[in-house]
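Read left to right, the sequence shown gives residues 1 to 58 (UniProt numbering). Written below as structure tokens is the structure these notes are about.
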Amino acid sequence: VTQMPKSTVRSYSRYTEEALTLLAKLIRASRLEKKMSAQEVADRAGISRGMLSRIEKA
């Protein structure tokens, strides 16, 4: 039986963190501007609605 490795906490540079935060805000703002639901965007992106929610809250 093979065990899955434990998940690790990743640390990113300050610039990467700022870029991710900005990208998250842009994704959410664009979705709201286009009056699209989170489910619509998730379906188009091929991801779950929960994943989109986590991305937008980054």
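Idealized CB from N, CA, C, for every residue including glycine.
Alpha helix (DSSP H) containing residue i: first to last residue?
| i | result |
| --- | --- |
| residue 6 | Residue 6 -> no alpha helix (DSSP H), and no H or E assigned at all. |
| residue 15 | 14-33 |
| residue 46 | Here residue 46 belongs to no alpha helix (DSSP H), and DSSP marks it neither H nor E. |
Step through the CB atoms of chain B and report whether any lies within less than 9 Å of the CB of residue i.
| i | result |
| --- | --- |
| residue 41 | Given the protein chain composition of this structure (a single chain), no chain B is represented. |
Could you tell me how far apart the beta carbons of residue i and residue j are, in whole angstroms, since I believe they sit closer than 8 Å?
| i | j | result |
| --- | --- | --- |
| residue 38 | residue 53 | 6 Å |
| residue 51 | residue 58 | Not a contact, Cβ separation roughly 11 Å. |
| residue 55 | residue 19 | With a Cβ gap of about 13 Å, residue 55 and residue 19 do not count as contacting. |
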